[in-house]
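A.B. asks: Sharing a structure here in structure tokens format.
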Amino acid sequence: MRKGFSFALFDVGETILGALVFSTFFPLYITKFVDTKVYSFLYGLSFLFSFLLALYMGKLADRKALRKHFFVSFAIGVSLLCSLIGVVYGFPFIALAVFLLMAIFHQQALVFYNSMLLGFDKRGGVSGLGVSLGYVGSAVALLLLADTLKEPEVYFVVALLYLFFFLPSAMFIPNPVEKSETVSVKEVFKDKRFMFLILTILSITEVANTLIAMMGIYLRDVYDFDNTHIYKVIGTSALGGVLGGLFWGKAVDTFGIKRVFPFGFFLWAGFLLLLPFVPQKAVILAGFLAGFSLSHVWTCSRVYVIEEFPSQETSLRLSFLSLTERIASMTGLLVWSLLLLLTDDNYRLSASLMAIFPIVGFILYRRFVVKGL
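Residue 351 in numbering that gives the first Met the number 0 sits at position 352 of the sequence shown; the count goes up by one each step and never skips.
Okay, here's the thing in structure tokens:
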């Protein structure tokens with residue numbers, strides 16, 4: 000119990016960092032000095048570099064069983080670099096360089112954090128608990144901290160909170176000891192079943208990340224909600240995520256990941272097809288179902304990679320999962336923009352058209368992941 004709770008607590012610090020620094024304070028600060036397109040390009044470039052680095056570090060971690068060592072090292076690095084942004088706050092270009100380095104460290108820490116699930120027997124419940132507490136952390140960050148913290152002290156506070164929620168996992172989760180002398184990046188790329196799994200996960204995370212980014216705008220433009228109503232729906236969505244994480248985690252441990260994972264395709268396809276017909280009175284319920292569906296994505300994807308593929312290559316394969324989440328954030332928004340252009344800003348129709356992605360994802364999953372090649 001102590002190990003599982005320690006693992007889940009890191010998700011709290013992770014979501015606080017994401018909500019306050021990556022999504023809010025730093026982008027708003029740096030785009031006063033750097034063109035948004037330049038910032039977006041450099042930020043995206045850091046993800047590419049992170050993936051290439053993760054391939055090397057993941058291979059090394061799997062070969063020598065250094066997963067926890069790298070997790071601890073990179074997580075501490077994230078905390079220190081976040082604090083350093085506060086120190087160099089008055090020098091925007093130096094702050095940007097520190098931020099990009101922190102983003103690289105952050106991606107590495109996530110890869111090796113997810114690989115810590117190897118040390119658990121009931122991985123679904125632990126993963127789901129992390130997702131649930133992560134939603135709590137995000138809600139606390141946005142509702143209680145965002146309005147009270149100012150720059151540059153926000154970076155020091157977030158760094159301390161991140162470190163605080165990281166320490167239990169560093170102290171109580173053992174290092175997974177599986178080793179392999181034959182870890183090969185080339186062989187992973189050749190594993191078509193795995194690569195198609197990553198593609199099908201992308202089909203779900205693409206719509207999930209788009210929903211997160213566009214939820215407020217959709218509610219404002221379709222239902223004419225003011226900020227108070229929007230926050231209420233988002234808060235209900237967070238509640239759905241908390242309960243969903245616990246539910247899906249228990250379901251994975253009870254029925255197995257191969258039986259539970261496919262529900263994600265039906266959840267998202269059904270949600271997107273029905274969303275345009277949701278009356279105003281039922282939007283709160285739709286928000287709850289959105290959070291419930293989101294928690295399925297985060298709970299199940301990392302467990303699937305760990306349980307269905309060689310444990311000796313966990314860190315290396317999880318680096319692909321990390322890249323998938325980053326690609327989904329970019330491609331989802333690009334597709335959404337294109338659909339709005341083609342439908343003349345018809346939000347309802349554009350939302351329903353996004354359902355094609357989980358539908359195609361399910362077809363690929365059944366054909367190439369379940370049945371094999």
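Using N, Cα and C, we set each Cβ at its ideal position, and we do this for glycine too.
Only a predicted model underlies this, so the values are computations on that prediction, with no experimental measurement involved.
From G243, N113, L41 and I256, pick the residue whose C-alpha is nearest to that of S292; which is it?
C.D. replies: Checked all of G243, N113, L41 and I256; the closest Cα to S292 is G243.
A.B. asks: In the DSSP assignment, the alpha helix (DSSP H) including P91 goes from what residue to what residue?
C.D. replies: Looking at the DSSP string, the run of the alpha helix (DSSP H) that includes P91 is P91 to S114.
A.B. asks: I need the straight-line Cα distance from L16 to Y161, nearest angstrom please.
C.D. replies: One C-alpha to the other measures close to 7 Å.
A.B. asks: Count the other C-beta atoms from every protein chain shown that fall within 10 angstroms of the C-beta of R66, then say buried if there are 16 or more, exposed otherwise.
C.D. replies: Classification of R66: buried, given that the 10 Å Cβ count is 16 or more.
A.B. asks: Going by the C-beta, is I29 closer than 7 Å to any heavy atom of the ligand COA?
C.D. replies: In the structure on display, the ligand COA does not appear, and there are no ligands present to speak of.
A.B. asks: With 16 as the cutoff for other CB atoms within 10 Å, does L266 come out buried or exposed?
C.D. replies: So L266 counts as buried.
A.B. asks: Pair every Cβ in the region 280–300 with every Cβ in the region 129–144, then say whether three or more of these pairs are closer than 8 Å.
C.D. replies: Cβ pair count under 8 Å is three or more, so yes.
A.B. asks: If I measure Cβ to Cβ from E152 and keep anything under 8 Å in the same chain, skipping five residues before and after, which residues do I get?
C.D. replies: Around E152: G85.
A.B. asks: Which whole-angstrom value describes the C-beta separation of L19 and L100, a residue pair presumed to lie in contact below a C-beta threshold of 8 Å?
C.D. replies: Contact doesn't hold; Cβ gap of about 18 Å is too wide.
A.B. asks: Taking the alpha-carbon positions, what's the M56 to V77 distance?
C.D. replies: Straight-line Cα distance between these residues: approximately 16 Å.
A.B. asks: Using a Cβ-Cβ cutoff of less than 6 Å, which residues in the same chain neighbour I256 once the five nearest sequence positions on both sides are dropped?
C.D. replies: Within the same chain, I256 has close Cβ partners V302, Y303 and E306.
A.B. asks: How should M213 be labelled, buried or exposed, when 16 other C-beta atoms within 10 angstroms of its C-beta is the threshold for buried?
C.D. replies: Label assigned to M213: buried.
A.B. asks: Since T14 is in the alpha helix (DSSP H), which residue starts that stretch and which ends it?
C.D. replies: Run containing T14: R1 to L16, per the alpha helix (DSSP H) assignment.
A.B. asks: Going along the chain, which residues of its own chain have a beta-carbon closer than 7 Å to the beta-carbon of S82, five neighbours each way excluded?
C.D. replies: These residues qualify, in order along the chain: Y154, F155 and A158.
A.B. asks: For F165, collect the residues of the same chain with a Cβ closer than 6 Å to its Cβ; drop the 5 residues on either side in sequence, then sort them by chain order.
C.D. replies: Closer than 6 Å at Cβ, skipping near neighbours: F9, G12 and A74.
A.B. asks: When you compare only the Cα positions, how much space is there between P309 and G263?
C.D. replies: So the two alpha carbons sit approximately 23 Å from each other.
A.B. asks: On the three-state DSSP scale, how would you describe G118?
C.D. replies: The answer is helix: DSSP assigns G118 an H, G or I state.
A.B. asks: What residue ranges within the region 163–219 form continuous alpha helix (DSSP H) runs of no fewer than 4 residues, ordered along the chain?
C.D. replies: DSSP runs (the alpha helix (DSSP H)) wholly in the region 163–219: 184–189.
A.B. asks: With three or more beta-carbon pairs closer than 8 Å as the criterion, would you say the region 344–358 touches the region 269–287?
C.D. replies: Contact between the region 344–358 and the region 269–287 is present, because at least three Cβ pairs lie under 8 Å.
A.B. asks: State buried or exposed for F104, treating a residue as buried only when at least 16 other CB atoms are found within 10 Å of its CB.
C.D. replies: Buried, because 16 or more other Cβ atoms sit within 10 Å of the Cβ of F104.
A.B. asks: Any idea if V37 is buried or exposed, counting beta-carbon neighbours within 10 angstroms, 16 or more meaning buried?
C.D. replies: Exposed.
A.B. asks: Taking DSSP as the reference, what is the three-state secondary structure of Y88?
C.D. replies: Residue state, collapsed to three classes: coil.
A.B. asks: Run through DSSP, which three-state label would N226 get?
C.D. replies: In this structure, N226 counts as helix in the three-state DSSP scheme.
A.B. asks: The alpha helix (DSSP H) spanning T342 covers which residue range?
C.D. replies: From DSSP, T342 is part of no alpha helix (DSSP H); its letter is neither H nor E.
A.B. asks: Which residue's Cα is closest to the Cα of Y230: V139, P167, T181 and F367?
C.D. replies: Selected option, being the one with the closest Cα: V139.
A.B. asks: Compare the beta carbon distance of F111 and A60 with 8 Å and say whether it is the shorter of the two.
C.D. replies: Yes.
A.B. asks: Are the beta-carbon atoms belonging to S5 and S168 less than 8 Å from one another?
C.D. replies: Contact: yes.
A.B. asks: Flag this pair as touching only if the region 28–48 and the region 109–125 have three or more C-beta atom pairs under 8 Å; answer yes or no.
C.D. replies: Not touching, per the Cβ criterion.
A.B. asks: Classify I362 as buried or exposed, calling it buried when 16 or more other Cβ atoms lie within 10 Å of its own Cβ.
C.D. replies: With fewer than 16 other Cβ atoms within 10 Å, it is exposed.
A.B. asks: Which of helix, strand or coil does DSSP assign to K257?
C.D. replies: Looking at K257 - three-state DSSP - the assignment turns out to be helix.
A.B. asks: Are V359 and S202 touching if we call contact CB-CB under 8 Å?
C.D. replies: Result yes, Cβ atoms of V359 and S202 sit closer than 8 Å.
A.B. asks: Using only CA atoms, which one of F69, G123, L54 and N226 lies nearest to R258?
C.D. replies: Among F69, G123, L54 and N226, the Cα nearest to that of R258 belongs to G123.
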